[in-house]
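Input: a single structure, listed below in structure tokens.
Residue numbers (the numbering used here): 1060 to 1278.
Structure below.
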């Protein structure tokens, strides 16, 4: 019996040590990331640790969008990206400790598709829009589209019950006639009705409210 108890005690100690080491490694990584961000972009002035804080970093590239983001501690974050009529993709992560990170979206055109490369502190992902007709049209008119870019006018604060709309790309009214001549009716209607591209972040509770309002507005 004593041998069993000693074995269990050793096991508990080992598990505790492994957990402690991993926590220290995570803290060390966050500290290094913070120092890197501060060195490259300055110090983000977080005055309320319970709110999101977002500042846009100018890239001088219409295909490249970059933000610096402060995430409060102890919240779950849902990630959602979508192209018009192509469904949605996304993931989630839990933010144990408050942290700052970069969030990057880079758009790429191929011969037959549009690709959105997404990179943030939880990893990277790739979303593609495979519509050859509309890809040609959007490539030719990319800089003529309407871009709603989060924090474009300066640093923004958000409560944790708000969705963060980092990027929404829409078709302006003055391109509608040309779009109708260039693509099928089905594709044209989807590009006029929905954002061409959208990238959102928020807590599950924030998305519940966001989706409910979207359903009500669609009625």
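The C-beta atom is built at its ideal place from N, Cα and C for all residues, glycine as well. The model shown is predicted, which means the values in this text are computed figures rather than measured ones.
Considering Cα atoms alone, identify which of the options is closest to residue i.
i            : options                : result
residue 1177 : 1208, 1186, 1230       : 1186
residue 1113 : 1120, 1124, 1201       : 1124
residue 1214 : 1109, 1129, 1181       : 1129
residue 1140 : 1272, 1266, 1131       : 1266
residue 1121 : 1154, 1224, 1155, 1166 : 1166
residue 1256 : 1170, 1118, 1223, 1227 : 1227
residue 1207 : 1131, 1225, 1201, 1197 : 1225
residue 1170 : 1270, 1197, 1119       : 1197
residue 1106 : 1119, 1117, 1131, 1118 : 1131
residue 1229 : 1249, 1274, 1219, 1243 : 1249
Please report the straight-line C-alpha distance between residue i and residue j, rounded to a whole angstrom.
i            : j            : result
residue 1136 : residue 1217 : 14 Å
residue 1261 : residue 1205 : 23 Å
residue 1241 : residue 1251 : 13 Å
residue 1087 : residue 1237 : The pLDDT assigned to residue 1087 is 49, lower than 50, so where the model puts this residue is not dependable; a value taken from the coordinates is nonetheless given after this. Approximately 53 Å between the Cα atoms of the pair.
residue 1164 : residue 1175 : 7 Å
residue 1183 : residue 1160 : 13 Å
residue 1179 : residue 1195 : 29 Å
residue 1168 : residue 1235 : 21 Å
residue 1158 : residue 1263 : 19 Å
residue 1233 : residue 1253 : 16 Å
Taking 7 Å as the cut-off, does the CB of residue i come closer than this to any heavy atom belonging to the ligand ZN?
i            : result
residue 1125 : Of the ligands one can find in the structure shown there are none, so the ligand ZN has no counterpart to examine.
With a cut-off of 8 Å on the beta carbons, I'd call residue i and residue j a contact; round off their distance for me.
i            : j            : result
residue 1172 : residue 1188 : 6 Å
residue 1181 : residue 1152 : 4 Å
residue 1115 : residue 1211 : 6 Å
residue 1203 : residue 1231 : 7 Å
residue 1134 : residue 1219 : 6 Å
residue 1223 : residue 1272 : Their Cβ separation, rounded to whole angstroms, is 15 Å, which puts residue 1223 and residue 1272 out of contact at 8 Å.
Excluding the five sequence neighbours on either side, which residues of its own chain have a C-beta within less than 8 Å of the C-beta of residue i, listed in chain order?
i            : result
residue 1246 : 1144, 1190, 1192, 1193
residue 1221 : 1111, 1261, 1265
residue 1148 : 1139, 1140, 1141, 1184, 1186
residue 1209 : 1113, 1115, 1126, 1215, 1223, 1224, 1225, 1226
By Cβ distance, which residues of its chain are closer than 6 Å to residue i, with the 5 residues on each side in sequence left out?
i            : result
residue 1239 : 1247
residue 1150 : 1138
Using DSSP's beta-bridge definition, name the partner residues of residue i.
i            : result
residue 1224 : 1259
residue 1114 : 1127
residue 1175 : 1166, 1186
residue 1137 : 1151, 1261
residue 1207 : 1227
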